[in-house]
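What follows is a single structure, written as structure tokens, with notes after it.
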Amino acid sequence: MTIKKFYILCAALFCFMAVSAQQNISVSSPDGKLKFLLKITPETVSYEVNYKKQLLVENSLLGFSFDNGEFGSNLKTGKVRRKSIDETYELVVGKVSSARNHCNEMIVPLQEKEAPGRLINLVVRAFNDGVAFRYEFPEQEGWNSYVMYDEKTQFRLNGNPMALLMYLPGYINTHEGVYTHTEYDKIAKKRLIEMPVTLEFDNGIYMSITEAAVRDYAGMYLVKEKDGFAGKLSPRLGQEKIKVEINEFPHRTPWRVLSVADRVGGLLETNILTSLNEPCKIEDTSWIKPCRTTFTWWNGNVVPDSTFSPGNNFETNKYYIDFAARNGLDAHGIYGYAETPWYYDDNFNFGWAGPNADITRPIPCLNMPRIVEYAKSKGVGIHLWVHWRPLYDKLEEAFALYEKWGVKGLMVDFLDRDDQEMIRIQEEILQAAARHRLFIQFHGSSKPSGLTRTYPNEFTREGTLNYEVCKWDTLVNADHDISVPFTRLLAGPTDYHLGGFRALPRSEFKIQYVNPYVMSTRCHMMAMYVVLENHLTSLCDTPMAYEGQPGFEVLRTVPGTWDEMHVPLAEFNKYVTVARRNGTDWWVGALNDGTARTLNLKLDFLGEGEYRAEVYTDAPDAERNPNHLSKEIRTVTRKDKIELPLAVDGGAVLRISKL
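Letter by letter, the sequence shown follows residues -21 to -1, 1 to 638 of mature numbering (1 follows the signal peptide of the UniProt record, and there is no 0).
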């Protein structure tokens, strides 16, 4: 044998030994199109994701860094457990009322070959529209708690897809910002990135990365490193090293979720996040009903020229309660006035509660019992704003008082964190609120993770740059709005300070803190109520801005929860049309960016028979006069098409009722 042949033989033998040392374990979706492949070698544990035989995620590492050492190498696998899941579950509030949880699951025990012999189970579920995985820490000898420094989950993308994402300045933030639309290889390195991140691959494949069932754990972000996206957990407050601390097993991490579709509308239609959460924990849900509410902070608590002054007083709130009663709204929101909350706070600053702030003590000039009683006499509930910190200090006492008053729910604000402690606090707030029949709206908060299935009294979350910004900046326009359905909305209900009815063209827009303007058409503003999933519908403008105005009837009647939804038309980050059914009625909202276009909407999502369609579209002069709209009433069937002319920064709304 020549030396050359000897080296070739040795190289072949080495490759054979390397391949034989790698263990591959896979699970595929029920339709076989989506595949998760786990690769285990003596040095690493990694995975890849294929959709329709196209590689989307490649050789992405898994592992942990604990106080008692790294976990991710020199592992053996136990017996892999597999099962198919196919069940239907009901949602109390949601984008559908009945959802299907259909997937194939595998559980792979990963145990260290040498001491300390720690065991972690990797649980993977493959759906037709996505894959998800999480880690489980079972009860075991010698290890029943941990201090985690890092979860070393990677998402290394194949190719150079287009990405839509938001950079954040740090772990303590409001989760608000503008979106960047760029190629994967141009994403800035070492910058914190909010999830969901949405990606457009070749061949029209779309993928979104986010997380589900975030409970007793830290929220995750992404950072672009040389090997691709790396997951980064929010650290414990006041230090950077410890991310998660668990004192008892069993324990489970959140699900790492990759939603996948061959059209971008499929990412909006999936129910994968609620399917990955536990069933409802609230025994009696009869009191949980979507709500339409005023939120007067946005407009500045404006009242007409009258015999009373606007402010923290009975008359100001009576004015808005009467407006709500006249127009069939469910609640009136009370936050206070100017920089003064409705309760005692020695700091006089919404963002930083004073050390003696007391959310059980209304300020003297605000006769809260009288306001609540008056609202009750008008059939209107009360919706209170509170800062989270003084609320958490008196959680049970405050909720018992609010229940006694007859309050419907609360906006809990300025959380600004999603470290493990804050994630725990949020769940405690939801649990306590449920005991006292209160809904919760989180503001200054992290994204949702499908927890509305488990705690349906969580109606909505902010976590996105929204129309409040129109009071002090020009960042929120139709180009920003159109990014939200393809990013933040994919995580769940989205609160956006909706309802601005005073629009100016972008070129004429001016910043105004009281009576603020918006810079999209009236139809665009109306369509936001349909496109966004939001179980707490807010009407943030003044009664004078609404009453007698074209389109106000849409805001007064649009539902807050849905039975069915479809996305018949969408182009990534340009326009989207969402059709939602409530009972026998269909609502359609179309949002456009800053480029005028015409859409042809097929009505094939309708059932058989004839329907009455109220069609709201941008008026021919909407680019110059964005508050102008056209309304047409016509009879339609599922065989019809409707032409929707969308102006610059425009939109359209349809209400379709069975005849």
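From the three backbone atoms N, C-alpha and C, an ideal C-beta is built for every residue, glycine too.
- The beta carbons of V615 and M505 sit about 19 Å from each other, so the pair does not count as a contact at 8 Å.
- A Cβ-Cβ separation of about 24 Å leaves Y114 out of contact with N137 under the 8 Å criterion.
- The beta-carbon distance between T132 and L35, rounded to whole angstroms, is 16 Å. This is too long to meet the 8 Å contact definition.
- In this structure, the beta-carbon distance from E173 to L212 does not fall below 8 Å.
- Inter-residue distance for N571 and M507 is about 10 Å (C-alpha atoms, whole angstroms).
- Beta-bridge analysis with DSSP links N29 to K14, L34.
- The straight-line gap separating the alpha-carbon atoms of E318 and G330 is approximately 9 Å.
- Excluding five sequence positions before and after L345, the CB atoms of its chain that fall closer than 7 Å to its own CB belong to N291, N292, W321, given in chain order.
- For H459, the enclosing alpha helix (DSSP H) has its first and last residue at 457 to 462.
- By the CB criterion at 8 Å, T433 and K260 fall inside the cutoff.
- Straight across, the Cα-Cα distance linking K553 with L580 is about 16 Å.
- Inter-segment contact for the segment 113 to 129 and the segment 428 to 443 is absent: fewer than three beta-carbon pairs are separated by less than 8 Å.
- In the same chain as I19, and ignoring 5 residues on each side of it, the C-beta atoms closer than 6 Å to its own belong to Q2, in chain order.
- Residue pairing by DSSP places D597 opposite L608 in a beta bridge.
- Annotation: the continuous alpha helix (DSSP H) that includes T253 extends over 251 to 254.
- A569 and G73 have their C-alpha atoms spaced approximately 20 Å apart.
- Below 8 Å, too few C-beta pairs join the segment 224 to 241 and the segment 257 to 273 to call them touching: fewer than three.
- When secondary structure is reduced to three states using DSSP, Q420 falls in the strand class.
- Just so you know, the alpha carbons of G48 and V223 end up roughly 15 Å apart.
- Where G244 is concerned, the enclosing alpha helix (DSSP H) starts and stops at 244 to 248.
- Relative to Q410, the option among Y371, Q399, R396 whose CA is nearest is Y371.
- Check the Cα spacing between S636 and each of S52, R414, E587: the tightest is with E587.
- For Q399, the uninterrupted alpha helix (DSSP H) run begins and ends at 399 to 414, by DSSP.
- Taking a C-beta distance under 8 Å as the contact criterion, P472 and P427 qualify as a contact pair.
- In the DSSP assignment, N100 falls within the beta strand (DSSP E) that extends over 98 to 106.
- When the beta-carbon positions are compared, D108 and V239 come within less than 8 Å of each other.
- Taking the C-beta atoms as reference points, S39 is found nearer than 8 Å to G207.
- For the beta strand (DSSP E) assignment, the uninterrupted runs of no fewer than 3 residues enclosed by the segment 172 to 215 are, from N- to C-terminal side, 185 to 191, 199 to 204, 207 to 212.
- Remark: C-beta atoms of F418 and I267 approach each other more closely than 8 Å.
- Boundaries of the beta strand (DSSP E) harbouring T161: 159 to 162, taken from the DSSP string.
- Taking 4 residues as the minimum length, the alpha helix (DSSP H) runs contained wholly in the segment 446 to 503 are 457 to 462, in order along the chain.
- Here T540 has V72, P269, H514 as same chain residues with Cβ atoms under 6 Å from its own Cβ, once five neighbours each way along the sequence are excluded.
- Taken in chain order, the complete beta strand (DSSP E) segments of 3 residues or longer contained in the segment 287 to 356 are 310 to 313, 337 to 341.
- By the criterion of at least three beta-carbon pairs nearer than 8 Å, the segment 84 to 95 is not in contact with the segment 548 to 566.
- In this structure the segment 469 to 489 touches the segment 245 to 252; the number of beta carbon pairs closer than 8 Å is three or more.
- Within 10 angstroms of the beta-carbon of T577 lie fewer than 16 other beta-carbons, which makes it exposed.
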